[in-house]
Structures are given as structure tokens and as C-alpha cells.
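Protein chains in written order, with our numbering: chain A, 62 to 354; chain B, 480 to 744.
A virtual CB, placed ideally from N, CA and C, is assigned to each residue, including glycine.
All figures in this text were calculated on a predicted structure; none of them were measured in a lab.
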Amino acid sequence: MLTSVLKDIGGYFTTELLMNVLVVAIVLVAGFILARLISGLVGRVSRKYLSQQYGMLLRKAVYYGIAVLILIIVLQMLGVKVTALLGAAGIAGIAIGFASQTSFSNLISGIFLISEKTFQVGDIIKVGDKTGIVQSIDLLSVKLNTFDNVFLRIPNEQLIKSELINITRYPIRRLDIKLGVAYKSDVGQVKALLKELAGKNPYCLMEPEPLIVFTNFGDSALEFLFGLWFYKTDYLSLKNSIMQEIKEAFDAEGIEIPFPHLSVYTGSATDPFPVTLRPPTGKGPSRKPSSPG
Amino acid sequence: MSSGAPSVAFWGERTPEEGAVCTLVIENLRLWLKRQGREWYLAHEYDPEQTGGEAFFTMTPEAPAPEPAWRRYVTGREEKTVCILPELPGRALVVHPEQSLVLTTGSEIRVFVAVPVSVRILAGEVVLDTLPTRILSNTWFGEPAAGELCYALTSQAVRRLDGLESGPDEAVCAVTILNRAGGELDFQRFCMRVEHLSIYRGASRLWTNSMRVEYRGEPGAGQVTISAKTPEYEKVEEKLTSARRPAKKTLMTSSFHILKTLTGF
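What follows is the structure, encoded as C-alpha cells:
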């Protein structure tokens with residue numbers, strides 16, 4: 062019995078079949094190596110002429126194009142009728158299309174994103190409360206690397222629908238610092254001091270000039286907006302240094318950065334609520350226990 | 480050791496004794512240097528209060544180690560000499576004349592601008608480090624969306640050489656500006672592309688090539704010609720540093736300040 066089964070199996074694996082399998086395997090391996098080589102070459106050449114993002118897309122298109130071609134060749138070698146398969150694939154495609162509407166939506170959104178050039182690989186973008194460096198822009202999603210080194214995938218459809226900020230689109234940016242100083246402070250002195258600090262900080266651009274605006278009479282402080290222009294890569298260096306310098310300069314000049322105050326008046330517009338401080342008598346208030354009944 | 484006046488004699492070769500700590504002071508920069516076989520040790524710090532003095536290089540065998548951390552450089556072969564050379568800043572400079580200049584049609588002006596240099600330290604042919612003698616502020620030149628990051632420099636931009644105060648850390652550039660446009664040229668900023676300039680040791684100062692900027696009316700742009708000749712205002716002893724990017728005959732560059740004002744919040 063066993064001998065008969067083995068004989069049948071042995072008869073099935075003819076030399077011709079084994080040769081065919083070997084050739085198919087060689088075509089597959091060689092084809093995919095070729096696809097990698099050609100796509101890599103296209104990627105390298107495209108670096109000179111295209112942006113990183115377009116180069117990556119072209120490289121992927123070449124790779125998958127060659128892969129599909131190899132697959133068709135292999136199927137033909139195996140005796141599969143490709144035309145019939147493509148017809149069946151068309152029908153199956155409609156069914157799959159209905160089942161994968163979200164993917165299709167992402168795909169269309171991806172094409173819009175790429176053509177709109179809202180951002181490029183290497184840009185820092187903010188979507189909702191997520192911020193990160195764009196690693197790749199693919200047809201279905203955008204991959205980000207967040208600043209705490211987390212991989213973040215955002216579907217293209219979501220990107221198209223939501224508000225997106227490209228932080229590094231322009232080479233220079235402005236850091237806005239809201240400041241409050243005590244009401245007794247000299248406004249002119251505060252402005253002059255802020256201007257001097259901006260001038261001394263090497264990360265703060267001299268041009269465009271820093272913005273110093275007395276914005277509001279706040280509840281407990283005179284409020285200022287201190288806007289400093291900087292080169293996009295200097296954000297942390299500027300913020301770290303200027304915040305410390307403001308505090309040190311204000312302390313040195315006796316300018317108070319107040320915490321919220323509340324003054325209570327007793328009817329008169331200017332006189333504060335009368336409070337009298339009495340020296341301690343040594344006797345605390347006595348409390349008699351109330352008698353029951 | 481190089482010749483010349485004390486301020487320019489600072490630049491050149493030195494041979495520190497092995498193990499001795501050398502101190503180099505120029506403008507805000509204080510640098511310590513030590514050699515041990517094939518290894519060089521450098522440490523530096525900036526003191527904004529230390530300004531305007533004479534530059535010097537001293538060697539004290541028993542000098543205490545400086546507080547800043549040493550950086551260690553290993554060279555391919557043992558070099559006994561160290562070369563201290565001036566180098567112009569790595570970015571273009573936006574020069575703010577202390578008083579704004581207005582040039583009427585057809586007029587020409589020559590101003591002298593003192594450009595702060597950096598210190599390049601070489602062990603033989605190997606560059607160990609390049610350090611600015613003072614920290615210059617950043618500035619932006621051009622459109623906010625597509626301009627150029629530069630260093631800011633406030634200059635007297637004097638017309639007479641005897642009125643120019645330049646220190647050992649500054650190279651003097653003679654800039655001639657011509658207004659060939661139909662109207663006035665009112666500029667408050669001027670962009671100097673120092674990468675095209677070489678540095679020369681003069682009798683009493685450091686010099687760069689002369690620069691000639693011709694304004695023909697294109698907004699912000701000027702036709703810049705860098706003189707290939709050695710500076711003519713003082714006897715030049717030697718060329719210390721060559722230009723990073725030698726200039727072609729003429730360059731058409733954005734040279735004058737035309738910046739769109741960014742307002743609002």
C-alpha cells in the first residue's frame with residue numbers, strides 16, 4: 062500500500078515538473094532582486110532631481126510595477142491563463158472595492174495630500190495634539206516619528222479632514238511669550254529691558270525685529286506680548302535661554318512678576334478694606350460649651 | 480612667530496612645549512591648549528565682559544587646568560606646532576551701519592567695515608577647531624518665507640580709515656557702493672557675502688579683499704565684484720586665509736535690505 066502511494070507521488074514529481082519549479086523559483090528570486098536593484102537605482106538618481114518624498118514614491122512605484130510584471134510572468138510559466146485571471150480579478154476587484162471603502166478613501170486622500178504638497182518628508186507637523194517628524198507619505202497613511210520616539214501612523218483620510226500645522230514650512234518662526242508685570246512697574250523700562258534681552262540673545266533674530274506689545278491691563282498685572290523671531294531649528298535653545306534671562310533681568314531690575322491679587326474695597330473707589338493688626342494678647346478666644354436644653 | 484604690529488602678530492604659528500598649558504585670549508574668547516604626543520587638548524569659554532583688550536598667547540608650564548572640559552584630538556602623526564589663523568564667519572553678514580546711508584543717483588561711497596573673525600586652530604594641516612572670537616546674533620535677510628540666515632553686525636561703516644577702530648579680532652573690508660539706478664538708494668542694511676573674501680596680514684591690521692557693489696535698480700540686488708588684488712590701504716605682508724568660495728568675476732546677489740514688515744499677531 063505504502064509502496065504504491067510513494068510510487069504515485071514519485072510519478073507526480075517528474076523531471077520536467079521539477080525543472081519548471083526550479084526555473085520559476087529562479088525567476089522569482091532574480092526578479093525580486095532585480096526589482097530591488099532597479100528601484101534602488103531609481104531612488105538614488107531621483108535624489109538629484111526630485112524631492113525626498115517624490116523620490117520615495119517613484120522608487121515604490123518602480124518596485125511594485127516590476128513585482129507585478131514578475132508575478133504575471135511566473136503565472137504564465139505555470140500555465141495559468143492570465144487574461145482569465147484578470148477578468149476574474151476585475152469582478153473580485155468590485156467586491157473588494159465595496160469591502161474596502163476606507164482604504165480607497167485613504168488612497169484618494171493620499172493622492173490629494175501628495176499633489177497638494179502640504180508637507181514633505183522631514184517636516185515637523187502637528188495634527189490635533191500629536192506632533193512629529195514626517196518619516197514617509199504613503200498612499201494610505203502618513204508615518205510620523207514623535208519627539209518621544211514613538212512611531213505614529215495617521216490615515217490620510219484623517220489628515221485631509223483635520224486641521225494640520227506644518228511647523229517647519231517656513232525657515233523662521235516667532236516665539237510668543239506672554240508676560241505680566243506688577244502695576245507699579247515702569248512700562249517704558251520693561252519694554253527697553255525686553256528689547257535689550259532680545260538684542261543680546263544670539264538665537265533671537267535681529268531682523269525681523271522682536272515684537273513688544275503692551276497688550277492689556279490684566280486682573281493683577283500689566284500684560285505684555287514678547288514675540289521673538291528665530292530660525293526654525295533654534296526653538297528650544299531660544300526658549301530655554303530667553304526665559305531664564307527674562308527672570309534674571311526682572312529680578313535684577315526689581316520688576317515684579319505678580320501672581321493673581323484680589324483687592325477688596327468697602328465702597329470708596331480707592332481706600333482699601335480697613336484691616337487693623339493688633340498685637341497678640343496671649344489669650345485666645347474662649348468658647349463656652351453650650352448648655353443642653 | 481610672525482612679525483608685524485602686536486595685534487596682527489597674534490596670528491601665526493606657535494610651538495608649545497609638550498604638556499604645557501597655553502592660554503589664548505582674544506576678544507570674548509579664552510582658549511586653553513595642550514599637547515601630549517599625538518594628542519591635542521582644547522578647552523574654551525566666552526566672557527562677554529572681556530572685550531576690547533589686546534590679544535595674547537601665553538605658555539605657562541604649570542598653569543592650572545581650566546574649569547571647562549577639555550576636548551581631546553588625536554592627530555595622525557605628531558605635530559609640534561600649532562597654527563592660529565583668522566577665519567571669516569561661516570554665514571553672510573548683515574551690516575547695520577550706525578547711521579543709515581542714502582546714495583543719490585550716480586553717486587559712489589567707500590566705507591570700511593571691521594568684520595569679526597573666528598580663530599582656526601590647526602595642528603600641522605589638521606584643523607582642530609574653529610571658534611568665533613565673539614558670539615554674533617542671528618538675523619534674517621530677505622523674504623520671511625525664503626530668505627537667508629545671516630549674522631548681524633553693527634558697524635561704524637566709516638568713510639576714513641583713520642576713523643576706524645579695529646581690534647586684533649577684526650579684518651577690515653573696504654566696500655565701495657555705487658548707485659547706478661534711476662532713484663535714490665536708501666539702505667539700512669547691507670549683506671556682505673564674506674565667503675568670497677580672503678584675509679591678509681597688513682602692517683597694523685587684518686585686511687580682506689576689497690568689495691565693490693553696484694546697484695542698478697533691481698529690488699534688493701546688487702552686482703558684486705570682489706577685487707582679486709591685495710588690499711591697497713596698507714602694506715600687506717602675507718595672505719593668512721584663502722576665501723572659502725573664490726568669487727567669479729562678478730556676482731549678482733541680494734545685497735540690500737528689503738524686508739517685508741511682519742506685523743500683527
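Cβ-based burial, residue i [other Cβ within 10 Å; buried from 16]
i	result
residue 708 of chain B	exposed
residue 689 of chain B	buried
residue 680 of chain B	buried
residue 513 of chain B	buried
residue 583 of chain B	exposed
residue 267 of chain A	buried
residue 487 of chain B	buried
residue 594 of chain B	buried
residue 506 of chain B	buried
residue 743 of chain B	With a pLDDT of 37 at residue 743 of chain B, under the threshold of 50, the predicted position of this residue should be treated as unreliable, though the coordinate-derived value follows. So residue 743 of chain B counts as exposed.
residue 613 of chain B	buried
residue 630 of chain B	buried
residue 212 of chain A	exposed
residue 272 of chain A	buried
residue 215 of chain A	buried
residue 98 of chain A	exposed
residue 262 of chain A	buried
residue 148 of chain A	exposed
residue 320 of chain A	exposed
residue 672 of chain B	buried
residue 269 of chain A	buried
residue 241 of chain A	buried
residue 139 of chain A	exposed
residue 712 of chain B	exposed
Supposed close pair residue i, residue j - CB separation, criterion 8 Å
i	j	result
residue 170 of chain A	residue 217 of chain A	4 Å
residue 719 of chain B	residue 565 of chain B	6 Å
residue 647 of chain B	residue 492 of chain B	The Cβ separation is near 16 Å, so there is no contact.
residue 660 of chain B	residue 695 of chain B	6 Å
residue 573 of chain B	residue 634 of chain B	That belief does not hold up - the Cβ atoms of residue 573 of chain B and residue 634 of chain B are roughly 10 Å apart, past 8 Å.
residue 287 of chain A	residue 238 of chain A	4 Å
residue 236 of chain A	residue 292 of chain A	Residue 236 of chain A to residue 292 of chain A, Cβ: 11 Å. No contact.
residue 643 of chain B	residue 591 of chain B	5 Å
residue 521 of chain B	residue 552 of chain B	7 Å
residue 85 of chain A	residue 135 of chain A	6 Å
residue 598 of chain B	residue 508 of chain B	6 Å
residue 548 of chain B	residue 627 of chain B	Their Cβ separation, rounded to whole angstroms, is 34 Å, which puts residue 548 of chain B and residue 627 of chain B out of contact at 8 Å.
C-alpha distance - residue i paired with residue j, whole-angstrom precision
i	j	result
residue 650 of chain B	residue 684 of chain B	7 Å
residue 122 of chain A	residue 115 of chain A	10 Å
residue 152 of chain A	residue 158 of chain A	10 Å
residue 710 of chain B	residue 686 of chain B	7 Å
residue 87 of chain A	residue 137 of chain A	15 Å
residue 109 of chain A	residue 120 of chain A	14 Å
residue 510 of chain B	residue 299 of chain A	25 Å
residue 489 of chain B	residue 254 of chain A	37 Å
residue 250 of chain A	residue 585 of chain B	44 Å
residue 243 of chain A	residue 339 of chain A	29 Å
residue 610 of chain B	residue 524 of chain B	10 Å
residue 180 of chain A	residue 199 of chain A	13 Å
residue 145 of chain A	residue 68 of chain A	35 Å
residue 193 of chain A	residue 80 of chain A	52 Å
residue 760 of chain B	residue 724 of chain B	The structure shown has nothing for residue 760 of chain B, since chain B only spans 480 to 744.
residue 220 of chain A	residue 207 of chain A	16 Å
residue 96 of chain A	residue 187 of chain A	35 Å
residue 556 of chain B	residue 562 of chain B	16 Å
residue 702 of chain B	residue 303 of chain A	39 Å
residue 498 of chain B	residue 603 of chain B	18 Å
residue 105 of chain A	residue 93 of chain A	18 Å
residue 632 of chain B	residue 275 of chain A	29 Å
residue 294 of chain A	residue 674 of chain B	23 Å
residue 182 of chain A	residue 195 of chain A	5 Å
residue 481 of chain B	residue 117 of chain A	Residue placement at residue 481 of chain B is poorly supported in this model, since its pLDDT is 43, which falls under 50; the coordinates are not used for a value here.
residue 305 of chain A	residue 528 of chain B	19 Å
residue 172 of chain A	residue 222 of chain A	14 Å
Near the ligand GTP: residue i beta-carbon under 8 Å from a heavy atom
i	result
residue 611 of chain B	With respect to the ligand GTP, the structure shown offers nothing to examine, as it has no ligands at all.
Subject >> Interface residues of the stretch 597 to 620 of chain B facing chain A [CB-CB below 9 Å] >> reply: Near chain A, meaning a CB-to-CB distance below 9 Å, the residues of the stretch 597 to 620 of chain B are 614, 615, 616, 617, 618, 619, 620.
Original post:
What runs of the alpha helix (DSSP H), each 4 residues or longer, lie entirely inside the stretch 177 to 223 of chain A?
Top reply: Within the stretch 177 to 223 of chain A, the complete alpha helix (DSSP H) runs of at least 4 residues are 217 to 222.
**OP:** Please list the segments of the beta strand (DSSP E) lying wholly inside the stretch 243 to 282 of chain A, counting only runs of 3 or more residues, in order along the chain.
**Re:** 272 to 278, all fully within the stretch 243 to 282 of chain A.
Subject >> Ordered list of beta strand (DSSP E) runs contained in the stretch 543 to 592 of chain B, each at least 3 residues >> reply: Qualifying beta strand (DSSP E) stretches, in chain order: 550 to 553, 561 to 566, 572 to 576, 580 to 582.
**OP:** With a floor of 4 residues, list each alpha helix (DSSP H) that falls wholly inside the stretch 75 to 149 of chain A, ordered by position along the chain.
**Re:** Taking 4 residues as the shortest admissible run, the stretch 75 to 149 of chain A contains the following complete alpha helix (DSSP H) segments, listed from N- to C-terminal end: 76 to 110, 113 to 138.
Original post:
Using Cβ-Cβ distances below 8 Å, what residues of the stretch 624 to 641 of chain B are close to chain A?
Top reply: Result list: 624, 625, 626, 628, 631.
Subject >> beta strand (DSSP E) runs wholly inside the stretch 677 to 702 of chain B, at least 3 long, in chain order >> reply: List check, beta strand (DSSP E) in window: 678 to 681, 685 to 687, 690 to 694.
Subject >> Residues, ordered as in the chain, of the stretch 202 to 235 of chain A that lie near chain B by beta-carbon distance below 9 Å >> reply: The stretch 202 to 235 of chain A vs chain B, Cβ under 9 Å: 230, 231, 232, 233, 235.
Original post:
Closer than 9 Å, Cβ to any Cβ of chain B: which residues of the stretch 284 to 306 of chain A, in chain order?
Top reply: Flagged, chain order: 286, 288, 290, 291, 292, 295.
Original post:
For the stretch 306 to 321 of chain A, which residues have a CB atom closer than 9 Å to at least one CB atom of chain B, in sequence order?
Top reply: Nothing from the stretch 306 to 321 of chain A brings a Cβ to less than 9 Å from some Cβ of chain B.
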